[in-house]
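2 protein chains.
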Amino acid sequence: MSDSYLAIPPILGVLGLFVALGIYLVVINFPEGDEKVKKIGDQIHLGAMTFMKKEYTYLSIFALVVIVLVYFSPLGEDTALAVLAGALSSSIAGWIGMYSATKANVRTATAASQSGAESALSVAFYGGSIMGLCVASLGLIGLGSLYYILSGDAHSIEGFAMGASIVALFSRVGGGIYTKSADVGADLVGKLEAGIPEDDPRNPGVIADNVGDNVGDIAGMGSDIFESYCGSMVACIAIASTLAIADREGMMFLPLSLASLGLISSILGIIIVRAFSNSSPALSMRIGTIAAPIIFVAAAYFVINILVKEMGTTVLFGTVLSKAQEIWLAVVCGSAGGIAIGLITEYYTGSKPIVKIAESGQTGPATVMITGLSVGMQSVVLPIACLILIIYISTQLTDLYGVGIAAVGMLSTVGITMAIDAYGPVADNAGGIAEMADMPSETREITDELDEQGNTTAAIGKGFAIGAAALAALAIIAAFVSSVSSKRGVPLELMLDNPIVLIGIFIGGAIPFLIASITMTAVGDAAFEMINEIRRQFKEIPGLLEGNAEPDTAKCVDIATSAALKKMLLPGVIAVSAPPLVGLGIGAEALGGMLAGGLLVCVLMALFMANAGGAWDNAKKYIEKGNLGGKGTDTHSAAVVGDTVGDPFKDTSGPSMNILINVMAIVSLVIAPLLS
Amino acid sequence: MSDSYLAIPPILGVLGLFVALGIYLVVINFPEGDEKVKKIGDQIHLGAMTFMKKEYTYLSIFALVVIVLVYFSPLGEDTALAVLAGALSSSIAGWIGMYSATKANVRTATAASQSGAESALSVAFYGGSIMGLCVASLGLIGLGSLYYILSGDAHSIEGFAMGASIVALFSRVGGGIYTKSADVGADLVGKLEAGIPEDDPRNPGVIADNVGDNVGDIAGMGSDIFESYCGSMVACIAIASTLAIADREGMMFLPLSLASLGLISSILGIIIVRAFSNSSPALSMRIGTIAAPIIFVAAAYFVINILVKEMGTTVLFGTVLSKAQEIWLAVVCGSAGGIAIGLITEYYTGSKPIVKIAESGQTGPATVMITGLSVGMQSVVLPIACLILIIYISTQLTDLYGVGIAAVGMLSTVGITMAIDAYGPVADNAGGIAEMADMPSETREITDELDEQGNTTAAIGKGFAIGAAALAALAIIAAFVSSVSSKRGVPLELMLDNPIVLIGIFIGGAIPFLIASITMTAVGDAAFEMINEIRRQFKEIPGLLEGNAEPDTAKCVDIATSAALKKMLLPGVIAVSAPPLVGLGIGAEALGGMLAGGLLVCVLMALFMANAGGAWDNAKKYIEKGNLGGKGTDTHSAAVVGDTVGDPFKDTSGPSMNILINVMAIVSLVIAPLLS
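Which chain is which? The protein sequence lines are A and B, in order. For the first sequence, my numbering assigns the number 1009 to the initial residue and increments by one for each residue that follows. For the second sequence, my numbering assigns the number 1009 to the initial residue and increments by one for each residue that follows.
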C-alpha cells in the first residue's frame, strides 16, 4: 500500500465542503421575504458578523502570541504550524456556519409564512447542515493535510488540537457571555417589567438576543464540537505513536479514516432527513440521526479490518478477538454511549423532572430554584455511569487507545449531529423574526413547532458534547502521560497518595469553579448593563412602548459585544496558562493530578449546569403551553426566574467547562516535552 | 515511663464533663421567665427532645445492623465494640448539648429582657459551651478509654470513628432536612403570603422552625465536628501504627495528648470570653477564640517534645529540625490554616460579596440567584488554596502523618470553636422566643445583636468544619492506603491512568451530587408538605391571623420530624454501602479512586453551598437593616428568594458533604482488611 491513501481524508473533506456549498446555494435561493423581514434579517446577520469580526481580531492576537511562543520554544516550527492550522480551520468553520445560519433564519421564517412547515423545516435544517458539514470537512482537511505533510509526526500534530481549542475557548466563552447577557437583559425588562412578549420589536434588546442565539449556539457550539472531534483524533494518533507494534501506523491513521467514513455517513444522513421531511420534523430528524451512526458503524468494521491486522487478547464467547474487532467494539461502545447520554439528557430536560419543576413554581421562585438545582445534580449520575461503562469496556478491549477511539466513534458522525444542533438556533431565530415582523399566528405556530423540536435536539446535543468532550479529554490526558513517560524514559507515576499529585487534583478541581464563577459574573454584569440601557430607552424614547418609535437596537448589540470580548480574556488566560504554570512550576505529577481533578469537576459541573438550565427552560415552556394556569400566573413568573438563572448555566458557564478541560489537557500534551 | 499516662486523656475528658456540668448549673439558675415565655420554651425543648428520641431510635437500629455485621465479619469484636463506643459517645454529646441548649435559649431571652446584653450573652455562650465541652470531653473519654483498653490496637480503634461518623451522618442529614423544611415552609407562607414577620406566634410553623435551629445547628453541627475530631485522631493513630520507627508509640499517642491540651486550652478560652463579656460580644468571643489556639500551640510544643525524640530530616534556616519540631510546625500549620479558612468564609458571607448580592436584588430574584451562585463558586478558590498549602507544608515536614496531625491541630480546640458555633442557634432561638412572647423591642434589639454575631461565627464555624473535615478525610484515606498496602505486602498503587482508578474517581465524584440532590429534594418535598399544612391552618382555623386563636404547632413539628427521619435513610445507606460495594465489587484500586474523587467533589460542593447560602442569608439581612430601601421592597423580596434557596444549601446539602466523605473514608479504612 503506498502512502497515497493518506490523501483520502483531506480530499473527502474538500468534497464535504462542496456539498456544503451546494446546500448553501439551495438555501440562498429560497425567498428572503418582504422589506420588513429583510431588514430584521440583515440586522441580525450584520450584528452576528460584526461580533465575529471583532472576536476574531482578539482571537488572532491571542493565537499569535501562543504561536510565537510555541515557535521559539523547543517545540519548534512544525508545532507552531499545526497550532495555526487548527486555529484557522476552526475559525473558518465557525465563520461559514454563522454566515449561512444568519442567511437561513430569515428564509425559514419566510418559508413558514409562504410555503408551510415542510419547506421551513428544509431551510432550517439545511442552514444547520452547512455548519455540520463545515466542522466535519474542515477538521478532515486541516488535520488530514497536516498528517500528510508531517508524515504522521504525532507530536507536532498535537498543535492542531491546541489551535482548535483556543478558538473554541474564546467562541464558547465569548459567545456564551454575549448570548446570555442579551437574553437575560431583554427578558427581565421586556417580559417582566414592560410586560411585552418575547421577541417583541419594541424591545431594544431583541436584535442582540437573536444575534446571541447564533453567536452562542452556532459558532460557540460548532467550535466546541470541532475541538472535541479533532482532540479525540489527535489523542488516538498520539497514543498509537507510542505503541511498539506492527499495526502502529494503521492505528495512527485509523481516527482519520473513521472520521472520513463519518463524513460520508453524515451526508447520507442529511439526505435521509430531507427525504423524510414530509413526515413530522421530529421523526425525520430522528431517523437521520439514527441512520448515520448505523451506516458509520457498519462501514467502520471493514475499514478497521483493512488497517489493523494483528490478533487481539480479548476472549468473547470462547473466541479470541482480532485487534480490529476489539477496536471496532470500542467504536460501537462510544457511538452507543453518545446516544445513551443524549437520551438521558432528553429525559432530564424534557420529561417528568420538568413537570416537577413547573409544579414547584406553585410555591414561588425559591422552590423552582431548589427543585431545578436538585434535578440538575441528580442528572449527572446516569451520564457518569455511561462514561464509566465506556471507559471500562473500551480500556478492557484495547487499553487507553480504546477510550480515544470510543470518543472518535462518538464524534465521527459530527456532520449530522452538529447539523441538528445548529438547526435549533436557526429555527429559534426564525420564530423571533416572525414575531418581530408581525407575521400571522399560523407562521408563529410553525416556527414554534420547529423551535420546540430544536430545543430538544439542542439539549441532546449538549449532553452528547459533554460526553464527547470528557472522553476526548481523557484520551488526551492518557496521551500526556505516555508522552511524559516516553520523554523521561520511566513511567510518569500519578499516585493518588503522592501529596504533589493531590495538590494538583485540588488545583484542577478549583479551576472549573473559578471559571464558572467568572463567566456567571460576566453574564450578570453585562445583563445589568443591558437592563439599564433597555430601561433607559423605554423611559427616554417617546412612544417606544406604544410602538410609535424605533428602539436603538444597535446600542444593545454593542453592549453585548464589548462585554463578551472584554470578559472572555481572563478565563482564556487562566485556562491556557494553568498547565505551563503548574507543570513547569510544580512538576508533571502535579499537572497530571490537575488534569484528573479538572476532568472530574468539569464533567460534573458541565452536566449539572447544562441539564438544570435545560430543565428550567422547558419547565417554563411547559407552563406556557397552558399547564398549571399558563402564562401570566404567579407560577409562570416563578418559572421565568428559573429559566433566567438557567440561561447562563446552560449556555455560558456549563459549556465553558467542556472547553476548559480540553484546553488544559491539550496544552499539557503539547508542552509535555518541556517537562522534566 | 509506665503506661499510666495513657489514662490522662479519659481522665481529662471526665474533668471536662464536670466543667460542663458546672456551666449547666449556672445556666439553669438563670430565671426562666414568665408563664408565656416558659410555655414557648417548653414547646421548643419538648419538640427538640422528641425529635432526638425518634432519631436515635432509627439510628440505633441502623448502628446495630452495622455493629452486628462488623462483629460477625473478620473485623471482629474489638472493632464492633469500638463502633458502639463511637456511636454512643457522639450520641451522648449530642443529647446533652441539645438538652442544655434548649434550656439556655429561653433563659437568654429572659436575661435580655430582665438584665440586659451582658448577662444574655453569658447565658447564650454558656449554653453553647456545654455542647463544645461535651464534644471535646466525650471524644477524649471514648477514644482515650478505647486506646487504653485495646492498648493502642490501631485497627480496632478505627471503629470508633466509624461509629461517630454514622451518628454524624444521621444527625447532619436528618437535622438538616428537619431544620430547613421547617424554615422554608414557615418563611414562604408566613413572610411572603400572610405578610407576618418571622417568628410570629400566629405562624403554625414557628415552633418547628425554632426546634429546627437546635436540631440542625446544635446536634447536627456537634456530631459533624465530633466526627472530624475523632476521625483525625484515628487517622494519625492508624498512620503512625504502620511506621517502623522508635517514636512509633509516641506518635500514636500524640493526637490524644494534643486533644487533651486542646480541651484545657478551650476551658481557658471560655473563661477568657466570660471575663471580657462586659465589652462587646463580638470582641469577647474573638479574644477567646484567638487565645485558645495560641495557648494550645504553645503548650503543644512541649508535649510533642516529650513524646517524640528522633531527629527529623527537614532543614530550615540551615538547621536540621527534630522530628518533634517538624510535627509541631505541622500542628501550627493546621491551626493557622483553620483560622485562615474561617476568615475567608467570613469575607465571603459578610463583606463586599453580600453587598453585591443585595444590589443585584434590584433587578429581581433571578439576578440574586446568579450573583449568589457565582459568589459561592468563587468562594471555593481561596479555601482550597489554604488546604493545598496545608497539605504541601505538612507532608513536606512529616509525610502523610503531617496531614493528620495538622487536622488534629485544627480541631484540638474544638471545645471553644464548637461553643461559639452552638452559641449562634441559642441566640437565634432567644430572638424567636422574644418575638413569640411579645417581649419589648429593646429585648429584641439585644437578641438581634447577639444573633447577628452568631450568624458570623456560625459561618466561620462552617468554613472551619469543612476544612477540618477535608483534612481528616484525607488523613483517613492515607491511612486506608497504608492499611491495604500493609495487608497486601505490596503498596496499593492508585495510578491515575489506571482505568479502574479512574472509574473509581468518577463514581466518587457522582455520589456527592446524588446525595446533594436527594437532600435538596427532601427539603423541597418536606417544605411543600409544611406549606400546605400552614396554609390549611390559616384557612381553616378561624381567627388565627387576627391573633384570636392558637395554631396547631405540634402538627408542624410532626411533619418536620417524620420527613427528616424518612428521608435521612437513603443517603445514609448510600454513604455506608458505597465503600464495601466498590471495594469488594471492583477492588481496592477503585475504592481508592472513589475516595479521592469523593474528597475533591465533597470539599468543593461543601464550600460552594455553605458560602453561597451564608452570603444569601446575610444579603437579605443587609437589606433588612434598611439598605437599598429595606424591608417590604421588591429588592427585599428578591433577597428573600435567595435566602430561601440558600437555606438547604448551607444547612442541609452543604453540611452533608463533610460527613459523606468522612463516612466513606472511615468505612473504607475499617473494611480495608477485607479487601484482597
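Ideal Cβ placement from N, Cα and C applies to all residues, glycine included. As the structure is a prediction and not an experimental result, all values here were calculated from the model.
Nearest neighbour of residue i, chosen from the options [CA to CA]
i                 : options                                    : result
Asp1566 (chain A) : A:Asn1113, A:Lys1547, A:Glu1541, A:Val1584 : A:Glu1541
Gly1346 (chain B) : B:Ser1645, B:Cys1394, B:Met1319            : B:Cys1394
Thr1465 (chain A) : A:Met1293, A:Lys1199, A:Leu1200            : A:Met1293
Asp1456 (chain A) : A:Leu1129, A:Tyr1107, A:Glu1040, A:Phe1310 : A:Leu1129
Gln1461 (chain B) : B:Val1034, B:Ile1474, B:Val1434            : B:Val1434
Ala1056 (chain B) : B:Ala1673, B:Asp1642, B:Cys1564            : B:Cys1564
Val1492 (chain B) : B:Ile1174, B:Ile1401, B:Lys1574, B:Gly1595 : B:Gly1595
Gly1342 (chain A) : A:Ser1645, A:Ala1308, A:Glu1632, A:Ile1485 : A:Ala1308
Ala1332 (chain A) : A:Gly1350, A:Ile1396, A:Leu1324, A:Val1311 : A:Val1311
Leu1023 (chain B) : B:Ile1233, B:Ser1159, B:Ile1138, B:Pro1391 : B:Ile1138
Val1678 (chain B) : B:Tyr1107, B:Ser1164, B:Leu1089            : B:Ser1164
Ala1144 (chain A) : A:Ile1157, A:Leu1599, A:Lys1061, A:Gly1105 : A:Gly1105
Cys1142 (chain A) : A:Ala1562, A:Ala1120, A:Gly1102            : A:Gly1102
Interface residues of chain B facing residue i [CB-CB closer than 8 Å]
i                 : result
Met1672 (chain A) : Correct list: empty, because the minimum Cβ distance to chain B is about 15 Å.
Ala1518 (chain A) : Val1388, Val1389, Ile1392, Ala1393, Leu1612
Lys1087 (chain A) : It should be pointed out that residue 1087 (chain A) corresponds to Thr in this sequence rather than to Lys. Simply none; closest approach about 24 Å.
Residue j beta carbon less than 8 Å from that of residue i
i                 : j                 : result
Ser1097 (chain A) : Ile1149 (chain A) : yes
Ser1382 (chain B) : Met1528 (chain A) : yes
Asn1556 (chain A) : Asp1221 (chain A) : no
Asp1008 (chain B) : Val1197 (chain B) : Not covered by the structure: residue 1008 (chain B). The range shown for chain B is 1009 to 1684.
Val1114 (chain A) : Lys1199 (chain A) : no
Leu1151 (chain B) : Cys1238 (chain B) : yes
Ala1627 (chain A) : Ile1302 (chain A) : no
Met1426 (chain A) : Leu1479 (chain A) : no
Tyr1066 (chain B) : Leu1573 (chain B) : yes
Ile1204 (chain A) : Val1074 (chain A) : no
Phe1521 (chain B) : Ala1680 (chain B) : no
First through last residue of the alpha helix (DSSP H) which encompasses residue i
i                 : result
Thr1643 (chain B) : 1642-1656
Leu1592 (chain B) : 1561-1593
Gly1055 (chain B) : 1043-1080
Val1422 (chain B) : 1422-1444
Leu1397 (chain B) : 1389-1419
Val1219 (chain A) : 1214-1222
Pro1263 (chain B) : 1256-1283
Under 7 Å by beta carbon: chain B residues contacting residue i
i                 : result
Pro1656 (chain A) : Ile1378
Tyr1400 (chain A) : Pro1507, Ile1511
Met1503 (chain A) : Glu1501, Leu1502, Met1503
Start-to-end residues for the beta strand (DSSP E) that takes in residue i
i                 : result
Leu1502 (chain B) : Here Leu1502 (chain B) belongs to no beta strand (DSSP E), and DSSP marks it neither H nor E.
Val1328 (chain B) : 1327-1330
Val1197 (chain A) : Counting along the chain, Val1197 (chain A) falls outside any beta strand (DSSP E), and DSSP gives it neither H nor E.
Gly1320 (chain B) : 1319-1324
Chain-ordered neighbours of residue i on chain A, where CB pairs are closer than 8 Å
i                 : result
Gly1532 (chain B) : Ser1368, Thr1375, Ile1378, Thr1379, Ser1382
Residue i: contacting residues in chain A (beta-carbon distance under 9 Å)
i                 : result
Ile1539 (chain B) : Thr1371, Thr1375
Beta-carbon neighbours of residue i, restricted to chain B and to distances below 9 Å
i                 : result
Leu1522 (chain A) : Met1385, Gln1386, Val1388, Val1389
Where residue i meets chain A, residues with beta-carbon distance less than 7 Å
i                 : result
Phe1546 (chain B) : Correct list: empty, because the minimum Cβ distance to chain A is about 14 Å.
- Residues of the stretch 1238-1260 of chain A with Cβ closer than 7 Å to any Cβ of chain B, in chain order: Under the 7 Å Cβ criterion, the stretch 1238-1260 of chain A contributes no residue.
- For the stretch 1381-1394 of chain A, enumerate the residues whose C-beta is nearer than 7 Å to any C-beta of chain B, in chain order. Residues of the stretch 1381-1394 of chain A with a Cβ closer than 7 Å to any Cβ of chain B, in chain order: Leu1381, Ser1382, Met1385, Gln1386, Val1388, Val1389, Ile1392.
- Listed from N- to C-terminal order along the chain, which residues in the stretch 1362-1374 of chain B have their beta-carbon within a distance smaller than 8 Å of any beta-carbon of chain A? Of all residues in the stretch 1362-1374 of chain B, Ser1368, Thr1371, Gly1372, Pro1373, Ala1374 have a Cβ within less than 8 Å of some Cβ in chain A.
- Query: Listed from N- to C-terminal order along the chain, which residues in the stretch 1474-1499 of chain A have their beta-carbon within a distance smaller than 8 Å of any beta-carbon of chain B?
  - Reply: Answer in chain order: Leu1482, Ile1485, Ala1486, Val1489.
- Query: Taking any Cβ of chain B, which residues in the stretch 1642-1654 of chain A have a Cβ under 7 Å from it, in chain order?
  - Reply: Of all residues in the stretch 1642-1654 of chain A, only Val1649, Thr1652, Val1653 come within less than 7 Å of chain B when Cβ atoms are compared, listed by chain position.
- Listed from N- to C-terminal order along the chain, which residues in the stretch 1605-1629 of chain B have their beta-carbon within a distance smaller than 7 Å of any beta-carbon of chain A? Cβ contacts with chain A: Gly1605, Leu1608, Val1609, Leu1612, Phe1616.
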